[in-house]
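In our numbering, the protein residues as written are 359 to 1337.
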């Protein structure tokens, strides 16, 4: 790879005319498809034994058969051999050959191929070494595979390693010869947990240009007219219009130079980048209808756009390839494009054009080959397609989980283990498939958790009422845990759980009866004294809803104005949040969640759910029901997701919007006049509810009239349970609470991470924290020892930070460029964060490494594109190092503004008996509150609370009886016909 750099810089690189010519004559595709034969070669398995990520591409050129030397088509293998000779003996390799000869040709390498004559006549049998840099390792009639990256004298693992495949084949159907130079570079010395291959991006671009040069000049050796044009300065002879037909141009000065000394290295590098960036786009667009029309860049993908995006990805693959789509969602524009658009939109100015793009995650059915793609819906092209690297796995989906459930229940090995329990006749088994998690255990050829797998928790319905589909099966956990490959639907193994107080696993024993514990209302005699409580708004709701796109909504309420979107990963997302036309927040979302469990015993030690990354808040969002999930006058926002076939799937009523009374907003009574000024605190609530197998999360953004925004997370649902020996029911357990006979609810933590992208009074914000300090006692300044003051600390470098209740540490978002009109302070918003116990798993554990947001209450990072998810883009069996902790560790300067604030909070859930079988909500709240932002309380214009409007009803005795004989006491009148 260093040689490529050396060659191109020492020659000042190619001219732009040649770049255009080569771009038209050849095609470069990257990455290689999953079906590519290189992945099944002996050499790839031998040399890339760690299956590290690679830099990979293939350069292709097609030539009509009529223009190939006839003698090369007579005998099998001659075409590929002659092409190989053209690669090494041709003009394209001359400079690298010269460079390597000067550096490495000596008596120790004399047996290798060095001269042009040798390179042009060799048979290239396995073991042949070319210029001390390439070694032939495999050969067949259509291709010759060469190991590269380092001297062949180093035959072992290398930091720089790779395969170079030179192939030539006849496409009889099209009457063409297909030439290919395929490259795959990797590190074979050690396991590298990285997404990208070893080459820097600009070196990749140089390499791809070099491949185009090699394939073009090598192809001349196959030409029926066999013409070379060479000169001492190294000039590439131009062909006809298609690179082959017709005589050379008569004006030799017009030929595109291969190496133009007048082109600077920087200019050439820029030209190469431009050429490389269009390599995929240059392919003909597939026959997929372009349905994208001008719409708001933040509008969620419409049903037609989802079909368009998946159709373009399908067309990217050979016909008949079966794809399993995991997500087809909006790729939001880069901030540098979006921010001016939003500013222009609010100012009523003309709007810049922004392409609509989709982000697609999919896999090849029946394989572990997962990909991500960027699809430009405006240009109707796939802009990028990349195979996911090691320890990057797509999320689970409903179709897959249901298939796993069915597969496990019907599997003979599972049935055999189940038989050992001697369950009651007619017992109905229920399977909860879980994301496997990570533990790094490598059993050699038997198992390694580098591929995506699912482990299952097994339960039984109440055997005395097994026909009840809603029976609480979590009351009957069974000690069997199958591990399944969800891609190939193979049973990997069946784990038997420990059911005592330690790690001992006992042989399966016959089931012992225990009582049911149901949560459905028909299992109880319901209370009869709960009277109806109705939320009535006789004049309708005070908010308005407008469509800013087919599925996007703008909400306006009490000076608030913001946009609402919905996607597969985050669910509800808020954009462009303003109060009284003053900008506050660019984007608000729940970024991630992690729920690590405390039981250290196998197989529970892997139990750590990342509900957003492993499944998706949009995927799990409930269809909210009127009068049940939300009360009052409700507006519902629906979404559209994609199914496994890439087709639109309705997600109805995933967000409910309504108002609620939240008590008193403010009050003061002047005791001198006895007049009270009081206003009720009306709130606007946007709520979504997620069902994640056993758990429910009720998630809300709450706005009030005084400029506050609250994020509220409430946890409810059913505890994830595991079996425990019946005779231990009254024995304290070290890893959980026994909530029912034979049922253990393990200790666990819930972590939530909010992503706050601020624009308080505009962009250019900073994050600070203020602390309160006691003043030292001083005879003059503080003689009584009661004084205290505050100190401000600016966060100028990205990092993680903790709360400190002893100092009342408060984090604030400020705009140094905008001052408060009253006191001259920088306007801002402060963040009220509930204290949490950080993750208890140690720093070497995978729980800790993966949940990068669970160790600090606050992270501050510099804004960067594609950094939306604090646990990393792919959390399924992740290894860590791709989330907010890693981003903060870059120690980026925040001096120029544009920080992102990550607010992390949670609870340590030590279960109670009262949490089972259905848990009352546990509530957590984060508040964003103005500080020196307004010139006074911004809610003073809220109408005072009056009985004429509220129509409250007194249940006391008539007030006249209570006040008889008390002079001077005024009794207010009633309304609605009653006191």
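From the three backbone atoms N, C-alpha and C, an ideal C-beta is built for every residue, glycine too.
In three-state terms, what does DSSP make of residue 517?
-> Of the three classes helix, strand and coil, the one that applies to residue 517 here is coil, per DSSP.
Whole-angstrom distance between residue 812 and residue 871, CA atom to CA atom = C-alpha separation (whole angstroms): 29 Å.
According to DSSP, is residue 1014 helix, strand or coil?
-> When DSSP states are grouped into helix, strand and coil, residue 1014 belongs to the strand group.
Residues of its chain near residue 1256, where Cβ-Cβ distance is below 6 Å and the 5 sequence neighbours each way are ignored | If the five residues before and after residue 1256 are omitted, its C-beta is found closer than 6 Å to the C-beta atoms of 1221, all from its own chain and listed in chain order.
With DSSP as the reference, label residue 417 as helix, strand or coil.
-> Correct three-state label for residue 417: strand.
Please name the residue or residues paired with residue 726 in a DSSP beta bridge.
-> Under DSSP, no beta-bridge partner is assigned to residue 726.
Three-pair Cβ contact test at 8 Å for the region 1219-1238 versus the region 1255-1271 | In short, these stretches touch, since the Cβ pair count reaches three.
Locate the beta strand (DSSP E) running through residue 698, then write down its first and last residues.
-> Unbroken run through residue 698 is the alpha helix (DSSP H), 693-705; no beta strand (DSSP E).
Measure the Cβ-Cβ separation of residue 1229 and residue 1253 and say whether it is below 9 Å.
-> Their beta carbons are not under 9 Å apart, which means residue 1229 does not touch residue 1253 by this criterion.
Using DSSP with H/G/I as helix, E/B as strand and the rest coil, what is residue 1059?
-> It is a strand residue.
At what residues does the beta strand (DSSP E) containing residue 1094 begin and finish?
-> Start and end: 1094-1098.
Delimiting residues of the alpha helix (DSSP H) encompassing residue 760 = Where residue 760 is concerned, the enclosing alpha helix (DSSP H) stretches over 756-768.
Residue 978, enclosing alpha helix (DSSP H) - first and last residue | Start and end: 975-978.
Determine the DSSP secondary structure at residue 831, reduced to helix, strand or coil.
-> In the three-state reduction of the DSSP assignment, residue 831 falls in the helix class, which pools H, G and I.
Pull up the DSSP beta-bridge partners for residue 1190, would you.
-> According to DSSP, which records beta bridges pairwise, residue 1190 is partnered with 1285.
Taking 8 Å as the cut-off, does the CB of residue 1183 come closer than this to any heavy atom belonging to the ligand GDP?
-> The ligand GDP is not part of the structure shown, which contains no ligands of any sort.
Taking the alpha-carbon positions, what's the residue 1067 to residue 1059 distance?
-> Cα to Cα, residue 1067 sits roughly 7 Å from residue 1059.
Own chain, CB closer than 6 Å to residue 1219, minus 5 neighbours either side, in chain order = Hits under 6 Å: 1156, 1245, 1246 and 1258.
Under the three-state reduction of DSSP, which class applies to residue 437: helix, strand or coil?
-> Per DSSP, reduced to three states, the secondary structure at residue 437 is helical.
Around the Cβ of residue 664, are there at least 16 other Cβ atoms within 10 angstroms (buried) or fewer (exposed)?
-> Counting the other Cβ atoms within 10 Å of the Cβ of residue 664 gives 16 or more, which makes it buried.
Coil, strand or helix - residue 474 by DSSP | The answer is helix: DSSP assigns residue 474 an H, G or I state.
Residue 801 versus residue 850: straight-line alpha-carbon distance, rounded | Each residue's Cα considered, the two are about 12 Å apart.
Through-space distance from residue 926 to residue 1008, alpha-carbon basis = Rounded to the nearest whole angstrom, the CA to CA distance from residue 1008 to residue 926 is 12 Å.
Please name the residue or residues paired with residue 1106 in a DSSP beta bridge.
-> In the DSSP output, where bridge partners are listed per residue, residue 1106 has 955 and 1267.
Label residue 491 either buried or exposed according to how many other C-beta atoms from any shown protein chain fall within 10 Å of its C-beta, with 16 as the threshold for buried.
-> Here residue 491 is buried. Its C-beta has 16 or more other C-beta atoms within 10 Å.
Cutoff 8 Å; reference residue 1249; Cβ partners in own chain excluding five residues on either side = Counting only Cβ-Cβ distances below 8 Å, and skipping sequence neighbours, we find 1155, 1156 and 1157.
Identify every run of the beta strand (DSSP E) within the region 1154-1239, keeping only runs that are complete inside it and at least 3 residues long; order them along the chain.
-> Fully enclosed beta strand (DSSP E) runs of 3 or longer: 1157-1159, 1168-1177, 1184-1190 and 1216-1220.
Go ahead and pull the three-state DSSP assignment for residue 1080.
-> Three-state DSSP puts residue 1080 in a strand.
Quick one: Cα of residue 704 to Cα of residue 659, how far?
-> Rounded to whole angstroms, residue 704 and residue 659 show a C-alpha spacing of 22 Å.
Grab the span of the alpha helix (DSSP H) containing residue 972 for me, first residue to last.
-> Taken as a continuous stretch (DSSP letters only), the alpha helix (DSSP H) holding residue 972 covers 969-972.
Are at least three pairs of beta-carbons, each pair with one atom in the region 834-852 and one in the region 754-768, less than 8 Å apart?
-> Yes, the region 834-852 is in contact with the region 754-768.
Is it the case that the Cβ atoms of residue 1171 and residue 1125 are separated by a distance below 9 Å?
-> Taking 9 Å as the Cβ cut-off, residue 1171 and residue 1125 qualify as a contacting pair.
Spatial distance of residue 715 from residue 1212 (CA atoms) | Taking the straight line joining both Cα atoms gives about 32 Å.
Could you tell me the distance, in whole angstroms, from the CA atom of residue 979 to the CA atom of residue 1050?
-> Between residue 979 and residue 1050, the C-alpha separation is close to 9 Å.
How about the region 409-418 and the region 533-542: do they share at least three Cβ pairs that are nearer than 8 Å?
-> Yes, since at least three Cβ pairs between the region 409-418 and the region 533-542 fall closer than 8 Å, the two stretches touch.
Do residue 947 and residue 931 have their C-beta atoms within less than 9 Å of each other?
-> Taking 9 Å as the cut-off, the beta carbon of residue 947 is found closer than this to the beta carbon of residue 931.
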